[in-house]
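Number of protein chains: 2
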Amino acid sequence: MSLDEIAKRANVSRATVSRVLNNYPHVRPHIRDRVLQAVQETGYIPNAVARSLVTKRTNMIGLLLPQDARETFADPFFAILIPSIAEACTVHQRYLMLSMVTLNQEEGFYQSVLRGGHLDGVIVGVSMFDDPILPQLIQDGLPLVLLGRHPYYPQAHWVNIDNLQAASQAVSYLAAQGRQRIALVSLPASLVAGADRRDGYKRALLQAGLPIDQRLIIETNGSYQAGQAAMSQLLQLDQPPDAVFAANDPLALGVLHELQNAGLRAPDDVAVVGFDDQPSAAYASPPLTTVHQPINDLGFKTVELLLEAIDGQFSAPQHRILPTTLVRRASA
Amino acid sequence: MSLDEIAKRANVSRATVSRVLNNYPHVRPHIRDRVLQAVQETGYIPNAVARSLVTKRTNMIGLLLPQDARETFADPFFAILIPSIAEACTVHQRYLMLSMVTLNQEEGFYQSVLRGGHLDGVIVGVSMFDDPILPQLIQDGLPLVLLGRHPYYPQAHWVNIDNLQAASQAVSYLAAQGRQRIALVSLPASLVAGADRRDGYKRALLQAGLPIDQRLIIETNGSYQAGQAAMSQLLQLDQPPDAVFAANDPLALGVLHELQNAGLRAPDDVAVVGFDDQPSAAYASPPLTTVHQPINDLGFKTVELLLEAIDGQFSAPQHRILPTTLVRRASA
DNA sequence: CTGAAAGCGCTAACAC
DNA sequence: GTGTTAGCGCTTTCAG
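For the record, the sequence lines run as chains W and Z. Letter 116 of the first sequence, counting from 1, is numbered 116 in my numbering, and no numbers are missing. Letter 207 of the second sequence, counting from 1, is numbered 207 in my numbering, and no numbers are missing.
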């Protein structure tokens, strides 16, 4: 069923039907009612595709996830982020297209997704410094916002937390308790957030007058198991750490678990601080002290920034930084 | 840039350009080359919206997730399922629209998503028996496949595992070891999968000649914490269980954890079997014996069934059941 | 305030 | 084999 069936039924022109459907103000009430009634009776829904063809708007935004998205999904961070983006889209009456296309697979498909006119704009979950998809994306000129800052593309909009500052705060907290040998169980340095958190760790140590000991820094892939392995390795040191800053919560939980296996206690023997404040952090034993990031807000703000970028034109790149807080529980 | 710029450049008609773009067989090689070259030079990408308007195909499929989708996302089952669906879409050159629209929010938006012509078909992650969105969806007549069987809608296509049989197998395994008091830590009975697994548990007990003891059946929301709480409750019974069948892995992991807290050992004191075989199951302590479901295949098969439903016409509803296996590790 | 007409970018008969 | 011609279902000038 199409617009002009409604027009016939209501005995008006197609243009008029279009006007009432789009809430055009100056339509006489009784004729507007006639149209509305016809719509009601027939259950007519306008064809979004036809509309898009003329308006050049699809009301659809893309969410592009990094190459390693499959592992990514297992990370509770994304388990919260994605639904919040989806919800933000619904709230703002937009559709969400999820894509994990990478340059590897189907170059042509990637192009058609991005440049086929299907998307009003895209959110890119950046993570790696050298993500090969970013240069293309930025060149394409589609409205774009990065989820996570990226040092190489200052011209792009992004929303992020201040990873460096947050990590630094966590480590300073440990140092202020008199911890002398604070280890870092880190994310891959190839991730921007990984590098930022590592730098925050280092900055805090230096500010506290503590030495940076490479043996206390263990780079991991960010998983629970990697946390266990890292702690196990740290425990074999001649001088094991008396505190651990884990760059995310799964890591911290793994560290805690390994500590328990070794018959050690947190925070008595080793204090541990995590990063994320995922829901289960509060239920760990002991409950995890961790950096809370407002993942939900991150999702909403990102969508909203993109929508502004799509219709308002920013003259300068927008960089929004959301606040984090250190949540003190029992583990440190 | 549009199709007829290419036509002018290559000095052919728009129809011809369209033909080479759509791999129409009978185009003379040299003229095809001329077109291709023009495309190459200009970086032209066809407008998907315009194409859709005439073909009535958008190459986009929808993934509708249940009302409680936010918790859903935290479940590792979905953390694997969603990426696999996304990947299947990419492999089949389709776009994926993710939606968590429910009847509550924005009835009109929901309608426009489904009936606006944006989607060639939808996958619905059913879970609840009484999900209010299903009746509407089925009435809409959009090609549809349910992810998980639903007893009230036999006319719908679905793909699923045999939850009843799989649960029954797990419990029989416990019974065959001589376990006498096998507890069930279950999913909500309002979920189809929850009810099916519970029924499988009961069937296995009856077949093993074991009584059904309501005190040994604890219904939960399926989370890790709920698993802990359930085990704790079971331990307070006059006659605690000597085995537990947990209806998913987070639950089983919680059970294991609580056992450890109570100073008990699996499988010596209490055997435990989970369901899902999520990646971390193998790393639990002790490694978890659990029902493996082929989540990845589930995602792929679902997409493929939908694509068949979209263009092939099935005369009868298709019900695909994927095999599960009991993975024996150390916990039982 | 409303209608007529053009056209968004593409595909698909239908001729030649 | 290739070009011509209609639309797909909507919005949007432009008249009136």
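C-beta atoms are modelled at their ideal positions from N, C-alpha and C, and glycine is treated no differently.
Which first and last residues belong to the beta strand (DSSP E) in which residue i is found?
{"i": "Met-231 of chain Z", "result": "Here Met-231 of chain Z belongs to no beta strand (DSSP E); instead the alpha helix (DSSP H) covers 224–235."}
{"i": "Gly-121 of chain Z", "result": "121–124"}
{"i": "Tyr-95 of chain W", "result": "95–99"}
{"i": "Arg-149 of chain Z", "result": "Note, Arg-149 of chain Z: premise wrong, no beta strand (DSSP E); not H, not E."}
{"i": "Arg-57 of chain W", "result": "Element bounds for Arg-57 of chain W: n/a, residue is neither H nor E."}
{"i": "Gly-116 of chain Z", "result": "From DSSP, Gly-116 of chain Z is part of no beta strand (DSSP E); its letter is neither H nor E."}
{"i": "Phe-181 of chain Z", "result": "One detail in the question is off: residue 181 of chain Z reads as Arg in this sequence, not Phe. Here Arg-181 of chain Z belongs to no beta strand (DSSP E), and DSSP marks it neither H nor E."}
{"i": "Phe-245 of chain Z", "result": "243–246"}
{"i": "Val-291 of chain Z", "result": "289–292"}
{"i": "Ile-217 of chain Z", "result": "217–219"}
{"i": "Asn-296 of chain Z", "result": "Where Asn-296 of chain Z is concerned, there is no enclosing beta strand (DSSP E), although the alpha helix (DSSP H) it sits in stretches over 295–311."}
{"i": "His-157 of chain Z", "result": "157–161"}
{"i": "Leu-187 of chain W", "result": "Where Leu-187 of chain W is concerned, there is no enclosing beta strand (DSSP E), given that its DSSP letter is neither H nor E."}
{"i": "Ile-321 of chain Z", "result": "319–322"}
Which word fits residue i, buried or exposed, when buried means at least 16 other C-beta atoms lie within 10 angstroms of its C-beta?
{"i": "Arg-197 of chain Z", "result": "buried"}
{"i": "Asn-261 of chain Z", "result": "exposed"}
{"i": "Gly-250 of chain W", "result": "Here residue 250 of chain W is Pro; the residue named in the question, Gly, does not match the sequence. By the neighbour-count rule (16 or more Cβ atoms within 10 Å), Pro-250 of chain W is buried."}
{"i": "Ala-170 of chain Z", "result": "buried"}
{"i": "Gly-34 of chain Z", "result": "For the sequence presented, residue 34 of chain Z should be read as Arg rather than Gly. Label assigned to Arg-34 of chain Z: buried."}
{"i": "Tyr-24 of chain W", "result": "exposed"}
{"i": "Arg-51 of chain W", "result": "buried"}
{"i": "Glu-87 of chain W", "result": "buried"}
{"i": "Glu-258 of chain W", "result": "buried"}
{"i": "Leu-103 of chain W", "result": "Model confidence at Leu-103 of chain W stands at a pLDDT of 48, short of 50, so the residue's coordinates are unreliable; what they give is reported in the following sentence. Classification of Leu-103 of chain W: exposed, given that the 10 Å Cβ count is below 16."}
{"i": "Ala-330 of chain W", "result": "exposed"}
{"i": "Lys-8 of chain Z", "result": "exposed"}
{"i": "Gly-141 of chain W", "result": "exposed"}
{"i": "Met-1 of chain W", "result": "exposed"}
{"i": "Leu-206 of chain Z", "result": "exposed"}
{"i": "Ala-176 of chain Z", "result": "exposed"}
{"i": "Arg-94 of chain W", "result": "buried"}
{"i": "Ala-167 of chain Z", "result": "buried"}
{"i": "Asn-22 of chain Z", "result": "exposed"}
{"i": "His-387 of chain Z", "result": "With chain Z covering 1 to 332 only, the question about residue 387 of chain Z has no answer from this structure."}
{"i": "Val-39 of chain Z", "result": "buried"}
{"i": "Ile-343 of chain Z", "result": "A question about residue 343 of chain Z goes unanswered here, because the residues of chain Z that appear run from 1 up to 332."}
{"i": "Gln-293 of chain Z", "result": "buried"}
{"i": "Phe-77 of chain W", "result": "buried"}
{"i": "Pro-29 of chain Z", "result": "exposed"}
{"i": "Gln-228 of chain Z", "result": "buried"}
{"i": "Ala-15 of chain Z", "result": "exposed"}
How many whole angstroms separate the CB atoms of residue i and residue j, which I take to be in contact at a CB cut-off of 8 Å?
{"i": "Ile-45 of chain Z", "j": "Leu-96 of chain Z", "result": "No, Ile-45 of chain Z and Leu-96 of chain Z are not in contact; Cβ-Cβ is about 19 Å, not under 8 Å."}
{"i": "Ala-252 of chain W", "j": "Leu-288 of chain W", "result": "6 Å"}
{"i": "Asp-63 of chain W", "j": "Ser-99 of chain W", "result": "For the sequence presented, residue 63 of chain W should be read as Leu rather than Asp. Confirmed, about 7 Å."}
{"i": "Ala-271 of chain W", "j": "Ala-332 of chain W", "result": "4 Å"}
{"i": "Val-303 of chain Z", "j": "Ile-85 of chain Z", "result": "6 Å"}
{"i": "Val-192 of chain W", "j": "His-150 of chain W", "result": "6 Å"}
{"i": "Phe-275 of chain W", "j": "Ala-246 of chain W", "result": "7 Å"}
{"i": "Lys-301 of chain Z", "j": "Val-122 of chain Z", "result": "Incorrect: roughly 16 Å between the Cβ atoms, too far for contact."}
{"i": "Leu-134 of chain Z", "j": "Leu-53 of chain W", "result": "Not really, about 32 Å apart at Cβ, beyond 8 Å."}
{"i": "Leu-305 of chain W", "j": "Val-145 of chain W", "result": "5 Å"}
{"i": "Gln-239 of chain Z", "j": "Arg-181 of chain Z", "result": "6 Å"}
{"i": "Gly-254 of chain W", "j": "Ala-226 of chain W", "result": "7 Å"}
{"i": "Asp-162 of chain Z", "j": "Ile-295 of chain Z", "result": "Between Ile-295 of chain Z and Asp-162 of chain Z the Cβ distance is about 15 Å, and since that is not below 8 Å, they are no contact."}
For the alpha helix (DSSP H) containing residue i, name the first residue and the last one.
{"i": "Thr-325 of chain W", "result": "Premise fails: Thr-325 of chain W lies in the beta strand (DSSP E), 325–327, not in any alpha helix (DSSP H)."}
{"i": "His-30 of chain Z", "result": "29–42"}
{"i": "Ile-138 of chain W", "result": "133–140"}
{"i": "Ile-212 of chain Z", "result": "Careful: Ile-212 of chain Z lies outside any alpha helix (DSSP H) and carries neither H nor E."}
{"i": "Phe-78 of chain Z", "result": "76–91"}
{"i": "Gln-207 of chain W", "result": "192–207"}
Can you tell me whether residue i sits near the ligand GDP, meaning its C-beta is under 8 Å from at least one heavy atom of the ligand?
{"i": "Met-60 of chain W", "result": "By its list of ligands, the structure shown contains no ligand whatsoever, and the ligand GDP lies outside what it can speak to."}
| query | What residues from the region 126–157 of chain Z come within 8 Å of chain W, judged by C-beta to C-beta, listed N to C? | reply | Taking 8 Å as the Cβ-Cβ cut-off, the region 126–157 of chain Z has no residue approaching chain W.
| message | Please identify, using Cβ separations under 8 Å, the residues of the region 160–171 of chain Z that lie next to chain W, in order along the chain. | response | Here the close residues number zero.
| request: Check each residue of the region 26–53 of chain Z: if its Cβ is closer than 8 Å to any Cβ of chain W, include it; give the result in chain order. | output: Ile-45, Pro-46, Asn-47, Ala-48, Val-49, Ala-50, Ser-52 and Leu-53
| message | By the 7 Å beta-carbon criterion, what residues does the region 249–264 of chain Z contribute toward chain W? | response | none
| message | Which runs of the alpha helix (DSSP H) at least 4 residues long sit entirely within the region 248–276 of chain Z? Give them in chain order. | response | 249–261
| field | chain W contacts made by the region 108–127 of chain Z, where a contact means CB separation under 7 Å | value | Phe-109, Gln-111, Ser-112, Val-113, Arg-115, Gly-116, Gly-117 and His-118
| field | Residues of the region 196–227 of chain Z whose Cβ lies closer than 7 Å to any Cβ of chain W, in chain order | value | Tyr-224 and Gln-225
| task | Using a Cβ-Cβ cut-off of less than 7 Å, give me the residues of the region 82–94 of chain Z that come near chain W, in sequence order. | result | Ile-82, Pro-83, Ala-86, Glu-87, Thr-90 and Gln-93
| request: Please list the residues of the region 268–291 of chain Z that have a C-beta atom closer than 8 Å to any C-beta atom in chain W, keeping them in chain order. | output: Pro-279, Ser-280, Tyr-283 and Ser-285
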